[in-house]
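For the working numbering, add 1 to where a residue sits in the sequence shown, where the first one is 1.
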Amino acid sequence: LKVIPVETDVLVIGGGLAGCMAAIKASEEEGVRVTLVDKSNTMRSGCAASGIDHTWAYFPPVHEKMGYTIDDMAEDHRQGTAYGFFRRDLFFLVAGTNFDRVLDLERWGVNFRYEDSKVPGKFRIVSQFHSVPTSFNFDGEPLKPTLAQEAKRRGVSIINRVQMIDLITTDGQISGAVGVNVRTGDIYFFKAKAVVLSSGRSNRLSRNPTGFDFNTRMPSPMSGDGTSMAIRAGLPIIGVEFLSNILGLGACGNYNPNYGDPRNTVQPAAR
């Protein structure tokens, strides 16, 4: 076994959609060294490994012409899908910036516009889990390869097959992390000026009621690695109360008793 030291400016732990985008954005700062670590292969890792077919957010060029405001969407989400569990500041952070990320992805080669669409901008937006039409449909199969390739193009150092174990603290500050290569057993010690935890949710901490491992919406790697590392390092954790409020989704992965619930498609705020 080898001990491999790696020094970088920004260490991103987790190479899913969020991790790849974080690494890409960090690389926009001139002279910043960015390292992205994934326990799988960044080209096809995370929840979006095989692609996704929709996202949701407030899209100003579309929703403004439909007569909807971001406040309409916020209230619709609070009353419906969120079942009252709602952080307004976090909602606006996500919903208010997602369209910019769509434009980023479009510049990098992902197609979001369709000639058969009658929606402004040729986008496909429908009502799905909200009564305000916010489900932005597209062919997302190439998302992960596109993001991984863009990160590489920008000079991000990508290290695959390394399971991160713990954060390293120095004088009360996060100064790096340690991980193990799942193929070779080599130990990696990362020294970093900033660490981004983007290792996914904690939806696979236990089995779902069927007892099977892979009939779930969430992949098995969603095991709360980042959350547990943060807790052990003494970092504050927010948002864990939202883990099981999305369609009844809890730590077992795919127990969704609310499928078929009319609240999944018709929300009261925008009737």
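Yeah, the Cβ is synthetic: ideal placement off N, Cα and C, and Gly gets one too.
Would you identify the three-state DSSP class for residue 208, choosing helix, strand or coil?
-> coil
Identify which residue in 184, 155 and 65 has its Cα closest to the Cα of residue 161.
-> 184
Exposure of residue 191, with buried meaning 16 or more beta-carbon neighbours within 10 Å | buried
Cβ distance (whole Å) where residue 186 is taken to contact residue 163 below 8 Å = Actually they do not touch by this definition, with Cβ atoms about 11 Å apart.
CA-CA distance, residue 128 and residue 66?
-> When only Cα atoms are considered, residue 128 and residue 66 end up about 16 Å apart.
Inter-stretch contact at 8 Å, needing at least 3 Cβ pairs: the region 138–148 / the region 44–57 = yes
Segment limits, beta strand (DSSP E) that includes residue 165 = If you look at residue 165, you'll find it in the beta strand (DSSP E) that goes 163–171.
Beta-carbon proximity of residue 351 to residue 12, cut-off 8 Å = With the chain covering 2 to 272 only, the question about residue 351 has no answer from this structure.
Residues of its chain near residue 121, where Cβ-Cβ distance is below 7 Å and the 5 sequence neighbours each way are ignored = 62, 63 and 66
So which of 221, 207, 156 and 235 has the shortest CA-CA distance to residue 30?
-> 156
Assuming residue 111 and residue 147 form a contact by the criterion Cβ under 8 Å, report the distance between their Cβ atoms to the nearest whole angstrom.
-> 6 Å
What residue ranges within the region 35–120 form continuous alpha helix (DSSP H) runs of no fewer than 4 residues, ordered along the chain?
-> 61–67, 71–80, 89–96 and 99–108
What does a CB cutoff of less than 6 Å around residue 93 pick up in its chain, not counting 5 residues either side in sequence?
-> none
When you compare only the Cα positions, how much space is there between residue 169 and residue 195?
-> 11 Å
Going by CA-CA distance only, name the one from 84, 22, 205 and 59 that's closest to residue 224.
-> 205
In this structure, what does DSSP give as the bridge partners for residue 8?
-> 192
Beta-ladder partner(s) of residue 241, from DSSP = Residue 241 pairs with nothing; no bridge assigned.
With a Cβ-Cβ cutoff of 8 Å, do residue 49 and residue 144 count as a contact?
-> yes
Do you know offhand how far residue 33's Cα is from residue 235's?
-> 27 Å
In terms of alpha-carbon separation, which member of 20, 90 and 43 lies closest to residue 240?
-> 90
Assign residue 213 to buried or exposed, taking buried as 16 or more other Cβ atoms, counted over all protein chains shown, within 10 Å of its Cβ.
-> exposed
Ends of the beta strand (DSSP E) at residue 174?
-> 174–182
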